[in-house]
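These protein sequence lines are chains Z and L, in that order.
With the first letter of the first sequence counted as 1, position 307 gets the number 635 in my numbering; the numbers rise by one all the way through.
With the first letter of the second sequence counted as 1, position 152 gets the number 381 in my numbering; the numbers rise by one all the way through.
For every residue, glycine included, the Cβ atom is placed at its ideal position computed from N, Cα and C.
Okay, structure first, notes after.
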Amino acid sequence: MTGKLKLPRFRSQLPILVGIIVFMMIVLTIISPNFLKVQNFSNILLKIGIYILIASAANLIMITGNLDLSVGAVLAFSGILHAYMCKHGVPIPLSILITCIAAMGWGVFNGFIVGKLRIVPVVATLGTMYIAEGFAFLIARWDGGTNIMLGLPGAYTRLGRYMMFGKIPVIIVFVVIVAAIFLFIEKKTKLGRFSYAIGDNRSAAELSGINVTKVIIILYALSALLAGFSGILQSSRVGLAAPNVGRMMETYVLIVCVLGGTKMSGGKGSIIGVLLGAAIIGLLENGLNLLGIDHFYQEVARGLILIIAVLAQKSSGNGRN
Amino acid sequence: MKKLLLTVLVLCMLAGTVFAGGEQEDAKEYDFVIGKIPYTFEHAYHQAICREFTEYSEKMYNTKAVIIDGESSAEATLAAVENLISQGVDGIALHCGDAGLSAKAIDMAHAAGVPIVTTLIRPENMTAPHIQPQETPSSIYMGAEAARQWKAAHPNTPIKVAMLNFGGIEQVWEMRTGAFLEGVKSVDPNAELVTMLNGQGSTVKSMEIILDVLQGDPGVNLIFAANDEMALGALAACEQLGRGKMDNGVPLTEIIAGLDASSAALVKIFDPNCSFKLTHGAVKDIARAEVDTVMAMINGEIPMDKYTETRVLSPTFDYWNTSLAEAQRHLEINFFYEGDLEADVKAAMK
Numbered sequence: 329m330t331g332k333l334k335l336p337r338f339r340s341q342l343p344i345l346v347g348i349i350v351f352m353m354i355v356l357t358i359i360s361p362n363f364l365k366v367q368n369f370s371n372i373l374l375k376i377g378i379y380i381l382i383a384s385a386a387n388l389i390m391i392t393g394n395l396d397l398s399v400g401a402v403l404a405f406s407g408i409l410h411a412y413m414c415k416h417g418v419p420i421p422l423s424i425l426i427t428c429i430a431a432m433g434w435g436v437f438n439g440f441i442v443g444k445l446r447i448v449p450v451v452a453t454l455g456t457m458y459i460a461e462g463f464a465f466l467i468a469r470w471d472g473g474t475n476i477m478l479g480l481p482g483a484y485t486r487l488g489r490y491m492m493f494g495k496i497p498v499i500i501v502f503v504v505i506v507a508a509i510f511l512f513i514e515k516k517t518k519l520g521r522f523s524y525a526i527g528d529n530r531s532a533a534e535l536s537g538i539n540v541t542k543v544i545i546i547l548y549a550l551s552a553l554l555a556g557f558s559g560i561l562q563s564s565r566v567g568l569a570a571p572n573v574g575r576m577m578e579t580y581v582l583i584v585c586v587l588g589g590t591k592m593s594g595g596k597g598s599i600i601g602v603l604l605g606a607a608i609i610g611l612l613e614n615g616l617n618l619l620g621i622d623h624f625y626q627e628v629a630r631g632l633i634l635i636i637a638v639l640a641q642k643s644s645g646n647g648r649n
Numbered sequence: 230m231k232k233l234l235l236t237v238l239v240l241c242m243l244a245g246t247v248f249a250g251g252e253q254e255d256a257k258e259y260d261f262v263i264g265k266i267p268y269t270f271e272h273a274y275h276q277a278i279c280r281e282f283t284e285y286s287e288k289m290y291n292t293k294a295v296i297i298d299g300e301s302s303a304e305a306t307l308a309a310v311e312n313l314i315s316q317g318v319d320g321i322a323l324h325c326g327d328a329g330l331s332a333k334a335i336d337m338a339h340a341a342g343v344p345i346v347t348t349l350i351r352p353e354n355m356t357a358p359h360i361q362p363q364e365t366p367s368s369i370y371m372g373a374e375a376a377r378q379w380k381a382a383h384p385n386t387p388i389k390v391a392m393l394n395f396g397g398i399e400q401v402w403e404m405r406t407g408a409f410l411e412g413v414k415s416v417d418p419n420a421e422l423v424t425m426l427n428g429q430g431s432t433v434k435s436m437e438i439i440l441d442v443l444q445g446d447p448g449v450n451l452i453f454a455a456n457d458e459m460a461l462g463a464l465a466a467c468e469q470l471g472r473g474k475m476d477n478g479v480p481l482t483e484i485i486a487g488l489d490a491s492s493a494a495l496v497k498i499f500d501p502n503c504s505f506k507l508t509h510g511a512v513k514d515i516a517r518a519e520v521d522t523v524m525a526m527i528n529g530e531i532p533m534d535k536y537t538e539t540r541v542l543s544p545t546f547d548y549w550n551t552s553l554a555e556a557q558r559h560l561e562i563n564f565f566y567e568g569d570l571e572a573d574v575k576a577a578m579k
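Following this line, the structure appears as structure tokens:
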């Protein structure tokens, strides 16, 4: 007896995640007759689509050993800004462009204070979160209310509710495209390789000639761009923009990344892991809602899943540092 | 360098004196200062209440209102009470979702000699005046009317209800969700409550939940949300599934009911082809009752440590029984609405 509990060891976390997903699907298929339907999977993908879009870039930030807590606030800010401009006569495509640029501005700001000024990312992005959220509320107030719905052009919901080939929600198409792009970035580009190098050892990366500040600024800008675009998609889908919609988004993105095996201290993680992590969250929430489980128990289940994920990281050797 | 520092110091002192003097003069203009803590400043309903509270207290009592957001959080609400007490306000109006917390707030205010009035959620200790919007009868009416309309259109389809609440606020069952169900069951005793989940007061969250609920049981045909924001989320979910439809007020897919009677809700309610059809709520009367009660305590007209209940109507608005003119008037009086509801409805239908 050593007195120390030893966890079973696995070479990678991904098989564990796949196992959890298969297990959840079997259980949900047995207990809910409406689970195994195309429409339900579409619902799940729509639910986790926004998480995946944002986590794709936020995951690379985590791989560098940093963090972005401002994604939810940037999402809310962008939704409100887009709605405000559309309501006041700016053409929708132009409004989308301006909103994406504004969202990237938050990311560049984050990247500058984290990468250049070396402010701790939690503190820096928390500051940005409060500022962006404050501006979201201000814009709504300038418009005269708490959210923007009245006066939006009829075409406002067209993007968010558009169905490709009349069947596939456009958000799912964007998710596939963005995931593919980030898989490419991760495996085939300097940006991907540099991100891992910075996360492994920032000093060594700097000494080997990598412009760490530039990489961090680019990653934060990408994260904010996707958060901003997600804000546009979400407000378009719902048909209104509210400044409080991004609450807890940063937590979900964090959970998705950690569940997917991304090491919080940097150096490890993958977009495939993010997809699997998001799938677990989506299946969990969908299953609990299908079964009508009260939200108190849903919170407990969410917490348990996060702890299981961390234990899985430990088992696969990812979390030892 | 010394001269520069001295100059900056003198300028700061001068500026401070000017602004402080200005503030004192500003305070002198009012007879009293009273505090108001809304449940959350994020909802249109509470923003409108705060605006009416501020304007009415100034106009009727030459009293300044200080608003501090309760942020729908126990900690923030209690901190707001402490803040107002330390500011030395003459009275406080509190809208808090927690009966125990309201009791604690009353104790704190009374210990400091500050009169306090609570709204909607009855506090545990009941030692201060209280404003009670009459939500229960309105929710019962909405449940009954929704069930009647559904049964008239689909006499052979069993009624299945799904609800979105705030979670953790027990009196919401008595005033909103439970009362709505009671109304439904008064028409169809066999009506089934399929599920009741926490929409967190959020449109997006409610949309996601209702998508799952309708997947779990596509037979759901009455949806009640404990505020309009959540009802709009439920509507967005229905629309995404090709539902959310009516044929000139005749329910085709489901009937959605909300609460607060805000402009965003009424625009949908008066769209004859949209399934969001009922809501209830009042702003002006509640805000005014809060101010009147606080001022009555300050002026010694009623005791500050005795429970009294001022009841305020929460009128219902639905497509079938309310005229557009009534709804327009309600919005103008309660939500400072400056638009043309009919035009907004037509624009939203495009």
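Does any CB atom of chain L fall closer than 9 Å to the CB of residue i?
i, result
"residue 460 (chain Z)", "no"
"residue 630 (chain Z)", "no"
"residue 487 (chain Z)", "no"
"residue 502 (chain Z)", "no"
"residue 465 (chain Z)", "yes"
"residue 617 (chain Z)", "yes"
"residue 474 (chain Z)", "yes"
"residue 650 (chain Z)", "No information on residue 650 (chain Z) is available, as it lies outside the stretch 329 to 649 that chain Z covers here."
"residue 558 (chain Z)", "no"
"residue 360 (chain Z)", "yes"
"residue 416 (chain Z)", "no"
From the DSSP output, in three-state form, read off residue i for me.
i, result
"residue 396 (chain L)", "coil"
"residue 429 (chain L)", "coil"
"residue 505 (chain L)", "strand"
"residue 417 (chain L)", "coil"
"residue 511 (chain L)", "coil"
"residue 474 (chain L)", "strand"
"residue 272 (chain L)", "coil"
"residue 449 (chain Z)", "helix"
"residue 409 (chain L)", "helix"
"residue 363 (chain Z)", "coil"
"residue 366 (chain L)", "helix"
"residue 552 (chain Z)", "helix"
"residue 479 (chain L)", "strand"
Does residue i come within less than 9 Å of chain Z when only Cβ atoms are used?
i, result
"residue 433 (chain L)", "yes"
"residue 573 (chain L)", "yes"
"residue 447 (chain L)", "yes"
"residue 559 (chain L)", "no"
"residue 404 (chain L)", "no"
"residue 272 (chain L)", "yes"
"residue 442 (chain L)", "yes"
"residue 581 (chain L)", "Because chain L is modelled from 230 through 579, residue 581 (chain L) falls outside the range shown and cannot be assessed."
"residue 553 (chain L)", "no"
Looking at residue j and residue i, is the spacing between their C-beta atoms short of 9 Å?
i, j, result
"residue 436 (chain L)", "residue 466 (chain L)", "yes"
"residue 505 (chain L)", "residue 461 (chain L)", "yes"
"residue 464 (chain L)", "residue 438 (chain L)", "no"
"residue 405 (chain Z)", "residue 431 (chain Z)", "yes"
"residue 587 (chain Z)", "residue 634 (chain Z)", "yes"
"residue 393 (chain Z)", "residue 486 (chain Z)", "no"
"residue 389 (chain Z)", "residue 551 (chain Z)", "yes"
"residue 459 (chain Z)", "residue 401 (chain Z)", "yes"
"residue 603 (chain Z)", "residue 507 (chain Z)", "yes"
"residue 561 (chain Z)", "residue 523 (chain Z)", "no"
"residue 540 (chain L)", "residue 361 (chain L)", "yes"
"residue 404 (chain L)", "residue 458 (chain L)", "no"
"residue 426 (chain Z)", "residue 418 (chain Z)", "yes"
"residue 545 (chain L)", "residue 573 (chain Z)", "no"
Return the bridge partner residues of residue i from the DSSP annotation.
i, result
"residue 561 (chain L)", "The partner list for residue 561 (chain L) (beta bridge, DSSP) is empty, contrary to what the question assumes."
"residue 265 (chain L)", "L:296 and L:322"
"residue 497 (chain Z)", "Z:491"
"residue 540 (chain L)", "L:361"
"residue 451 (chain L)", "L:390 and L:484"
Under 9 Å, CB to CB, which of the residues in the segment 511–526 of chain L have a partner in chain Z? Within the segment 511–526 of chain L, no residue has a Cβ that lies closer than 9 Å to any Cβ of chain Z.
Can you give me, in chain order, the residues of the segment 368–380 of chain Z that have a beta carbon less than 8 Å from any beta carbon in chain L? The residues in question are 368, 371, 374 and 375.
Mind listing which residues of the segment 560–580 of chain Z have their C-beta closer than 8 Å to chain L's C-betas, in chain order? Those residues of the segment 560–580 of chain Z placed with their C-beta closer than 8 Å to a C-beta in chain L are 562, 565, 566, 567, 568, 570, 571, 572, 573 and 575, ordered along the chain.
Along the segment 473–501 of chain L, where does the CB come closer than 7 Å to a CB of chain C? Name the residues. Looking at the structure shown, chain C is missing, and the protein chains on hand are Z and L.
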